[in-house]
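Numbering (the working numbering), first residue to last: 40 to 297.
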């Protein structure tokens with residue numbers, strides 16, 4: 040398999056592993072990536088997911104020698120990539136993207152589906168689709184303007200240029216830029232920090248942020264209150280508030296046995 044799934048403590052590490060092709064994704068690899076996300080979702084021992092690439096690229100998107108003929112001939116529907124792009128995911132655990140190199144096209148789109156992003160100083164980002172007559176329909180057209188400004192989004196979409204990591208940080212595409220040898224290490228450190236927090240609170244937060252974003256404000260406020268009630272009534276909240284009162288370190292039921 041060209042998508043590796045490994046567990047390190049409470050962290051699931053998913054590695055796109057086709058370095059000789061800059062981690063371009065075959066149709067089978069898209070399925071493997073979707074299956075990896077599902078495995079992390081269904082494993083109660085997993086607190087967070089780290090997604091990265093092998094070699095000098097994170098991912099340069101689909102292997103066009105395979106995907107474009109398949110799409111053009113009707114042998115494949117782009118919606119079959121939905122699980123890899125987390126379009127309808129129920130993975131309400133934090134997903135950290137360790138962008139170790141090139142993140143282009145579909146690789147850029149997969150990055151957009153993650154929650155936290157750490158980039159190498161040498162990473163480069165871009166949406167080259169317009170240059171080959173297609174569009175980034177793997178979630179980007181819906182997500183990009185929700186995540187960064189309209190002007191920056193259209194710059195990426197309509198100029199099809201590559202940008203460096205510092206520009207990606209300035210645009211708000213990534214959370215942090217680190218030295219190349221610190222990318223995966225930093226992502227794992229963040230995952231370890233996440234594992235000390237309430238799994239229930241993080242799950243409720245991610246679910247709420249995703250679902251409230253497109254609601255009218257009054258409806259969103261109402262739904263937010265319901266999510267808040269759900270969290271406050273949880274065993275994790277009882278444990279956390281008791282630990283706060285006792286000035287002790289909380290042991291969250293959602294993390295026991297991990």
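Beta carbons: idealized from backbone N, C-alpha and C, even for Gly.
Values in this document were obtained by computation on a predicted structure and should not be read as measured data.
Under the DSSP definition of a beta bridge, which residues are partnered with residue i?
{"i": "residue 45", "result": "52"}
{"i": "residue 90", "result": "53, 136"}
{"i": "residue 177", "result": "DSSP lists no partner for residue 177."}
{"i": "residue 164", "result": "142, 202"}
{"i": "residue 155", "result": "135"}
{"i": "residue 215", "result": "157"}
{"i": "residue 96", "result": "141"}
{"i": "residue 64", "result": "101"}
Cα separation between residue i and residue j?
{"i": "residue 153", "j": "residue 286", "result": "34 Å"}
{"i": "residue 136", "j": "residue 94", "result": "15 Å"}
{"i": "residue 85", "j": "residue 229", "result": "14 Å"}
{"i": "residue 190", "j": "residue 134", "result": "26 Å"}
{"i": "residue 100", "j": "residue 224", "result": "24 Å"}
{"i": "residue 295", "j": "residue 283", "result": "18 Å"}
{"i": "residue 171", "j": "residue 200", "result": "13 Å"}
{"i": "residue 138", "j": "residue 62", "result": "12 Å"}
{"i": "residue 278", "j": "residue 237", "result": "10 Å"}
{"i": "residue 118", "j": "residue 151", "result": "17 Å"}
{"i": "residue 253", "j": "residue 231", "result": "31 Å"}
{"i": "residue 185", "j": "residue 192", "result": "9 Å"}
{"i": "residue 107", "j": "residue 67", "result": "14 Å"}
{"i": "residue 261", "j": "residue 255", "result": "10 Å"}
{"i": "residue 69", "j": "residue 104", "result": "15 Å"}
{"i": "residue 169", "j": "residue 143", "result": "12 Å"}
{"i": "residue 290", "j": "residue 235", "result": "8 Å"}
{"i": "residue 269", "j": "residue 233", "result": "20 Å"}
{"i": "residue 96", "j": "residue 47", "result": "22 Å"}
{"i": "residue 276", "j": "residue 194", "result": "44 Å"}
{"i": "residue 81", "j": "residue 64", "result": "24 Å"}
{"i": "residue 267", "j": "residue 128", "result": "22 Å"}
{"i": "residue 198", "j": "residue 222", "result": "28 Å"}
{"i": "residue 83", "j": "residue 45", "result": "15 Å"}
{"i": "residue 43", "j": "residue 281", "result": "40 Å"}
{"i": "residue 77", "j": "residue 202", "result": "31 Å"}
{"i": "residue 226", "j": "residue 149", "result": "16 Å"}
{"i": "residue 288", "j": "residue 205", "result": "37 Å"}
{"i": "residue 98", "j": "residue 175", "result": "14 Å"}
{"i": "residue 257", "j": "residue 187", "result": "24 Å"}
Do residue i and residue j have their CB atoms nearer than 7 Å?
{"i": "residue 141", "j": "residue 166", "result": "no"}
{"i": "residue 207", "j": "residue 164", "result": "yes"}
{"i": "residue 246", "j": "residue 131", "result": "yes"}
{"i": "residue 41", "j": "residue 59", "result": "no"}
{"i": "residue 177", "j": "residue 211", "result": "no"}
{"i": "residue 259", "j": "residue 265", "result": "no"}
{"i": "residue 213", "j": "residue 156", "result": "yes"}
Are the segment 120 to 140 and the segment 66 to 77 touching, with three or more C-beta to C-beta distances below 8 Å?
When C-beta atoms of the segment 120 to 140 are compared with those of the segment 66 to 77, three or more pairs fall below 8 Å, so the two segments count as touching.
The segment 43 to 60 contacting the segment 79 to 99, beta-carbon criterion three pairs below 8 Å
In short, these stretches touch, since the Cβ pair count reaches three.
For the pair the segment 142 to 161 and the segment 204 to 224, tell me if three or more CB-CB distances fall below 8 Å.
Counting Cβ pairs under 8 Å, three or more are found: they touch.
When the Cβ atoms of the segment 236 to 244 are set against those of the segment 174 to 191, are three or more pairs found closer than 8 Å?
By the C-beta criterion, the segment 236 to 244 is judged not to be in contact with the segment 174 to 191, since fewer than 3 inter-stretch pairs fall below 8 Å.
Scan the segment 245 to 269 and note each continuous alpha helix (DSSP H) run of 4 residues or more that stays entirely inside, going in chain order.
Runs found: none.
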